[in-house]
Each structure stands twice: as structure tokens, then as C-alpha cells.
Amino acid sequence: MYKDNDKCPICGEGILKRNVLDETFKYKGQEIVIPGYVVFKCGNCDESIVENETLKASEKVIRDFHRKVDGLLTSDEIKKIRTSFGFTQEAFGNLLGGGAKGFARYETGRVSQSKAMDHLLRIIDAHPFVLDVLMEKEDVEVTNRTFNLMDIPRYSYKKTENYYREKKVSGE
């Protein structure tokens with residue numbers, strides 16, 4: 064949108080100069096540095112305007128940084144969980160809540176998931192049989208076929224069932 068030698072939209076008098084820098088962001092006592100951060104700085108009023116492409120590219124990085132600091136799954140971790148079970152974004156969003164477009168927003172970094180959604184995703188990842196409970200009354204389409212949890216190699220009901228029996232017997 065802006066380029067070198069444009070008039071400053073803030074003061075209307077200065078000239079913008081393109082600068083590429085390493086920008087540091089702080090959140091809850093933690094820091095992240097984004098290299099190649101492009102801003103246009105006014106020589107008159109000293110205001111800086113961030114380049115649109117830089118804003119778009121850094122949005123996901125910054126949101127994932129916030130997620131990590133807050134102890135939440137990152138956008139890539141969410142996508143990995145969803146795809147490991149063969150769900151589309153729409154199907155997973157409809158099943159777990161958050162709507163048809165919710166998971167697209169989580170995975171692109173446009174929106175952070177709630178703590179409750181984060182917990183649900185972690186539970187499903189650790190104990191896939193939970194999907195059976197959630198899908199009990201629904202026929203969910205997964206990548207052009209009906210979802211069958213037993214088709215997933217990493218899922219073992221027997222293993223999970225024994226795990227909980229052992230916990231109960233040992234009193235944990």
C-alpha cells in the first residue's frame with residue numbers, strides 16, 4: 064500500500080522511508096523477535112507504518128507465540144491433531160464446536176482457541192476413543208467417507224480400556 068517517498072498519511076508533511084528490521088514483541092514477560100519486519104517511517108513526525116504483507120505474515124507467528132506463552136496448542140499442533148483423524152476443518156468444527164469455519168481460523172492464526180477447546184483437543188489426541196462418545200449420535204463425513212475410528216492405526220480401544228482398568232485397580 065505504501066512505498067518509499069510516499070507522503071506521510073499521519074502528519075501529511077513528511078516522506079516515508081522503507082526500513083527492514085528485527086522487531087521484538089513482548090507478551091507476559093516473554094519476547095519474540097521477527098526478522099525482516101518491514102515498516103515505513105516518516106522523517107518528519109517519526110511515526111512508523113507496518114507494511115501490509117508484513118502484518119499478514121507476522122499475524123500467525125505472533126498469535127502462536129501468545130498461545131505458547133499461555134500454554135495453548137499452536138496452529139500447527141491443532142492442524143496435526145485434526146488431520147491425524149482424517150477430519151476436514153468443517154467436520155471437526157461441527158463435531159467439537161466452534162462452527163464450520165472455527166478450525167480454519169485456529170489453523171491460520173486468525174483466532175486463538177479457548178482454554179476449554181484446547182483441553183478437548185489434548186484429550187482427543189491422548190485418548191482417541193473420546194471421539195466415539197462425541198460421534199455416537201452423529202454420522203460425520205471425513206475426507207469423503209464415513210469416519211470409522213477403528214480404521215485409525217494409532218487408535219486402540221483395547222489398550223485404552225486396559226489403561227483405565229489398571230488405573231482403577233491400582234487406586235490412582
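Each residue of the sequence shown is one higher than the one before, starting from 64 at the first, in this note's numbering. For glycine and all other residues, C-beta sits at the position ideal for the given N, C-alpha and C. Every value quoted in this text rests on a predicted model; they were computed, and no experiment measured them.
Item                                                                                                                                                                       : Value
Just checking residue 164 against the ligand COA - is the residue's beta carbon closer than 7 angstroms to any of the ligand's heavy atoms?                                : No copy of the ligand COA appears in this structure; indeed no ligand is present at all.
Assuming the contact rule is C-beta atoms closer than 8 angstroms, residue 125 and residue 170 should be a hit. Round their C-beta distance to whole Å, please.            : In fact, because the Cβ distance is near 15 angstroms, the residues do not count as touching under 8 angstroms.
Rounded to the nearest angstrom, how far is the Cβ of residue 67 from that of residue 79, given a contact under 8 angstroms?                                               : 7 angstroms
Using a Cβ-Cβ cut-off of 7 angstroms (strictly less than) and excluding sequence neighbours within five positions of residue 168, which residues of its own chain qualify? : 174
Would you list the residues sitting across from residue 94 in a DSSP beta bridge?                                                                                          : 89
Write down the C-beta distance between residue 166 and residue 155 rounded to the nearest angstrom, noting that I regard them as a contact closer than 8 angstroms.        : 5 angstroms
Alpha carbon to alpha carbon, how far is residue 118 from residue 157?                                                                                                     : 30 angstroms
Since residue 113 is in the beta strand (DSSP E), which residue starts that stretch and which ends it?                                                                     : 111 to 113
Is it right to say residue 75 is buried, meaning 16 or more other beta carbons lie within 10 angstroms of its own, or is it exposed?                                       : exposed
Going by DSSP, what residue range makes up the alpha helix (DSSP H) through residue 168?                                                                                   : 165 to 171
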